[in-house]
Each structure stands twice: as C-alpha cells, then as structure tokens.
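**Student:**
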Ligand SMILES: [Fe+2]
Ligand SMILES: [Fe+2]
C-alpha cells in the first residue's frame, strides 16, 4: 500500500490543481519508498529536492489563481504555503549539512500537512473558482 493515496475527497474540480496534488502525492510516495528501501543519501537528497521544487511550483499555481480572480482568503492561504515552504527548505538545508535525516517523523509531518491543507484550505477555493468558470 502506498504511503499516501489519492482519494476522491481530495478533488477540487480544478483539473490543473487536482493533477498537481496527485503528482505531489506521487513524489511523497517516492520519498517514502527511498527511505524504506535505504536509498543512498544522494538519491534521497534528489528526491527531496524534487518534492520541494514541485511544492513551490504548485503553491505558485494556486497563488496565481488567487491573484487573477481576487480570491478573498488569499492572504491566510499564502501564509500556510509560506510556513510549509520555510519548514521544508530548513529541512533541505539541514539534510545537506548532514545534521538531519529524512525520518518517519518527517515523512508523517509532510503527509499530514498535505492531507490537512488539501482537505482544508484548498477545498475552500474549489467552489469559488468553479463559480468563476475555472474547472
Ligand atoms: Fe494545494
Ligand atoms: Fe494551497
């Protein structure tokens, strides 16, 4: 069984964003698999980098939509994105310095964050953008 699995409840009815959420889950599964299989440090680092880079791109996609359609809850939503971005960049730096590993605790944190955010704040903008004709 995958570490995190896409479920219908994650669906926002906005194709680009839904596709990105699925890809984020794929990347998190890949990181999990690398940890479980005892992959080399360089492989782990690259997998982490991919996840972080894609996360940043994904946040930008949502924030561009917020701006284009003047989403009223953009500010608090952006803050959630920024907090997570800061946390993962810190992890990335510590990993590169050798002072952090990608533990199951870290993996759980990432999974919980992704689930909570996708089912929480992200769900709120689905209907708003659908009303604006974005699907
Ligand atoms: Fe999202
Ligand atoms: Fe978001």
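Residue numbers (the numbering used here): 830 to 964. Built from N, CA and C at the ideal position, the CB exists for glycine as well. Values in this document were obtained by computation on a predicted structure and should not be read as measured data.
Taking just the CA atoms, how far does residue 958 sit from residue 847?
**Tutor:** Cα to Cα, the separation comes out at about 13 Å.
**Student:** I need the residues with a C-beta less than 7 Å from some heavy atom of ligand 2; please give them in chain order.
**Tutor:** Any residue whose Cβ sits closer than 7 Å to a heavy atom of ligand 2 makes the list: 888, 891, 906, 909, 910, 946, 950, 951.
**Student:** Considering only residues of the region 869-930, which uninterrupted alpha helix (DSSP H) runs meet the minimum length of 4 residues and lie entirely inside it, listed in chain order?
**Tutor:** Within the region 869-930, the complete alpha helix (DSSP H) runs of at least 4 residues are 870-897, 903-926.
**Student:** Given this structure, state the Cα-to-Cα distance separating residue 948 from residue 903, to the nearest angstrom.
**Tutor:** Roughly 16 Å separates the two Cα atoms.
**Student:** Pull up the distance between the alpha-carbon of residue 960 and that of residue 885, whole angstroms please.
**Tutor:** Rounded to the nearest angstrom, the two C-alpha atoms are 26 Å apart.
**Student:** If you check the beta carbons only, do residue 841 and residue 923 fall under 9 Å apart?
**Tutor:** Cβ distance not < 9 Å, so residue 841 and residue 923 don't count as in contact.
**Student:** Report yes if the C-beta distance between residue 907 and residue 926 is below 9 Å; otherwise report no.
**Tutor:** Their beta carbons are not under 9 Å apart, which means residue 907 does not touch residue 926 by this criterion.
**Student:** Three-state secondary structure (DSSP) at residue 830?
**Tutor:** In the structure shown, residue 830 sits in coil (DSSP, three-state: anything other than H, G, I, E or B).
**Student:** Does the beta carbon of residue 846 fall short of 8 Å from some heavy atom of ligand 4?
**Tutor:** This structure lacks ligand 4; the ligands present are ligand 1 and ligand 2.
**Student:** So, using beta-carbon positions, are residue 833 and residue 940 closer together than 9 Å?
**Tutor:** Yes, they are a contact pair.
**Student:** Determine the DSSP secondary structure at residue 842, reduced to helix, strand or coil.
**Tutor:** In the structure shown, residue 842 sits in coil (DSSP, three-state: anything other than H, G, I, E or B).
**Student:** Measuring from the CB of residue 902, is there a heavy atom of ligand 1 at a distance below 8 Å?
**Tutor:** Flag unset: Cβ of residue 902 not near ligand 1.
**Student:** Applying the criterion that 16 or more other CB atoms from any shown protein chain within 10 Å of the CB defines a buried residue, is residue 931 buried or exposed?
**Tutor:** Buried is the call here.
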